[in-house]
Amino acid sequence: MWHLVRILAASQLWFSDGNPIAAQRGGHGVSSRLIVDGQGFLDVTEMRSLDSMILDANGATLWLKRHERYGSRFACPSLQNSLYPLKLSLRIDDGGNFNLSTVDIPSIITACYSISKQVSGRLKPLPEISVEDATFINKMIEQKFIPYQNIPDAPKKPIQEIRALGRRYFPFTPYSFELAMTLYDWTTASFARMVLFKIFQYTGIDSGIAALPHPLDRESLAVNIWQSNFSVYTPQDADYMRTFLMQPAHSFDNLTAQLEEVIDQVYNFSEIENRFLVAAMQSMPRTSIASKPRLFSGQVDIEQLGTERFGIEFEECPLNKGPVGIELTHSLTDALASYMAVGKTITTKMVWSFTDSMKEAMHYSNGIVLVLNPPSGASVWDSVSFVTPLSDDPAKMEYTTAPGTKFKIQSIQHTAVSGKSVTMIGLEPVLERDGPLKTQAMLEGVRQQRLSEDVVKQRIDSHGSIQSGRGRYKIGRQGKDGWMDE
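Going by mature numbering (1 follows the signal peptide of the UniProt record, and there is no 0), the letters in the sequence shown line up with residues -18 to -1, 1 to 468, in that order.
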């Protein structure tokens, strides 16, 4: 455990947990995000073993390690004892640099443990938020295009609750409500609009129009909206079609005609909301790898896409270069043999959703399961955002990655999980060179010890067998035997 007892900073500070700045925080695997107004974020993550404790601060580490001469554990106070929380001093300069140091360590602790004195590092940057984008999002909220209206399969969050959550997680911007509402909207059926208008872009072709950056595969868009068939979310449903700025359609020709009238408006809508969504995701607190050592995703996340459209979700797909009009569909077998082969790096065109259990991922799998492994030496999922606090359903366990996130493909396995044939793809996020530092070797040792002791309760065997956790993500879909509870 730890708490801040001295702070030197010119900016206003908040913690995203909503508690006072001086409150005691931490515990093994707990990551706490400090928000520094006008400057950035500081993620402090605690990890412990029997003989050591580490605080990772944006990749820089403070540590305590038991002296070798005190091999008998009863002779020293436990690092898990909240009677001796680490007292920390924090200094932040105007350039986004910080210095974090230990102060006033009790003699009973210094007698038993070697202790690092201080570390320095840089704050993670605040997201860029456009005033024009915020104005547009606010207009769409006022006109009730955001959020999705009349959600039938999950409790709806009251506006005042969303507003309060916005103030808690995004206090650094006057657009906290718009950020919160956009993230909330993603967890509803509106995600279909934000996904389809991303993956059907020819990203290898520049349109010359800033608001509509790439040409669209319009026919495939129309077909996949028309084929929507999960629960009440069909082209005949007024609320679902409203997400595409259209009226209910009872024929494909009618849908196509409507789409041609509004396609540029919906495209612009999707681009702006995706930008706001990414800003909100970047601002959410991070999840420690100690608490969630692996994440899972059932793909493709919209059933009618099929596995033949999984490859087009990546910028490396050669079809992105056109020509405009060529259907964006690519055999999964061919994709796995080329730009998605083991050792290749892929770049996503859309937001991806993950969950923390294989069981939940399999529930949503349409032939593919992604297994996300952490980068070596990292203490938090830095490119992954836990969005459940702003979900339309608090029981959904959802983690998201932004468009443009890069992953290295580690493994490909054609196997069966719970009797269902799937292609299982192992991935690792690619850390940016100028991103947070990797942790020191000592931290990696603590992490590996804890993983072997008691953290990894979910593990993949040769055929993906796993102990399931609780939670869910995304909306449900209609099964052969009726509604499938998530």
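Even glycine gets a Cβ: it sits at the ideal position worked out from N, Cα and C.
Quick caveat, the model's predicted, so the values are computed rather than measured.
Where the alpha helix (DSSP H) containing TRP168 begins and where it ends: 158 to 168
Cα separation between LEU44 and LYS180? So the alpha carbons of these two residues sit roughly 42 Å apart.
My output table needs one value for ASP364: the three-state DSSP class, helix, strand or coil. coil
Measure the C-alpha to C-alpha separation of ARG291 and GLU309 and round it to an integer number of angstroms. 10 Å
Output the boundary residues of the beta strand (DSSP E) element that contains GLY280. 277 to 281
For LYS180, the first and last residue of its enclosing beta strand (DSSP E): Counting along the chain, LYS180 falls outside any beta strand (DSSP E), though it belongs to the alpha helix (DSSP H) covering 173 to 181.
On the criterion of 16 or more Cβ atoms from any shown chain inside 10 Å, does GLY103 qualify as buried, or is it exposed? buried
To the nearest angstrom, how far is the alpha carbon of LEU(-6) from that of GLY77? 15 Å
Got a sec? Which residues, its chain only, sit under 7 Å from LEU433 by beta carbon, not counting five neighbours each side? Reliability of the predicted coordinates at LEU433 is poor, the pLDDT of 46 falling under 50, and no value is obtained from them.
Mind checking LYS303: buried by the 16 CB within 10 Å criterion, or exposed? exposed
Assess contact between the segment 78 to 91 and the segment 232 to 242, defined as three or more Cβ pairs (one per stretch) separated by less than 8 Å. Is contact present? Proximity of the segment 78 to 91 to the segment 232 to 242 falls short of the contact definition, fewer than three beta-carbon pairs being nearer than 8 Å.
Taking the Cβ atom as the reference point for each residue, do THR382 and VAL333 lie within a distance shorter than 8 Å? yes
Pick out whichever of ALA171, THR155, SER96 and MET163 has its Cα sitting closest to the Cα of ASN132. ALA171
If you follow the alpha helix (DSSP H) that SER13 is in, where does it begin and where does it stop? Careful: SER13 lies outside any alpha helix (DSSP H), inside the beta strand (DSSP E) at 13 to 18.
Extent of the continuous alpha helix (DSSP H) to which TYR249 belongs: Its alpha helix (DSSP H) spans residues 234 to 265.
Which of the three DSSP states, helix, strand or coil, is assigned to LEU372? helix
For chain C, check one thing: does any of its Cβ atoms lie closer than 8 Å to the Cβ of GLY349? The displayed structure is made up of one protein chain only, and chain C is not part of it.
Please confirm whether THR329 and LYS388 have their CB atoms less than 8 Å apart. yes
Per-residue burial, GLU124 [other beta carbons within 10 Å of its own, 16 or more giving buried]: Label assigned to GLU124: exposed.
For GLN142, the first and last residue of its enclosing alpha helix (DSSP H): 141 to 151
Under the three-state reduction of DSSP, which class applies to LYS99: helix, strand or coil? coil
In the DSSP assignment, what are the bridge partners of TRP45? ILE36
May I have a chain-ordered list of the alpha helix (DSSP H) segments no shorter than 4 residues that lie completely inside the segment 329 to 355? Correct list: 340 to 346.
What's the call for THR117, buried or exposed, on a 16-neighbour Cβ count within 10 Å? exposed
Answer yes or no: do MET35 and GLY9 have a C-beta to C-beta separation smaller than 8 Å? Judged by their CB atoms, MET35 and GLY9 are not nearer to each other than the 8 Å cut-off.
Tell me whether the segment 191 to 201 and the segment 210 to 218 touch, counting them as touching only if at least three CB pairs, one residue from each stretch, are closer than 8 Å. no
By DSSP, does GLN(-7) sit in helix, in strand, or in coil? coil
Take ILE226 and list the residues in its own chain whose beta-carbon comes closer than 8 Å to its own, dropping the five residues that flank it on each side. First, the residue type needs correcting, since residue 226 is Phe and not Ile in the sequence shown. Excluding positions up to five away in sequence, the list reads ARG175, ILE207, LEU241, VAL244 and VAL248.
Inter-stretch contact (C-beta, 8 Å, three-pair minimum) for the segment 396 to 412 and the segment 351 to 365: yes
Beta-carbon separation of LEU72 and GLN21 under 8 Å? no
Applying the 10 Å Cβ sphere with the 16-neighbour rule, what's the burial state of ALA220? The residue is exposed, with fewer than 16 neighbouring Cβ atoms inside 10 Å.
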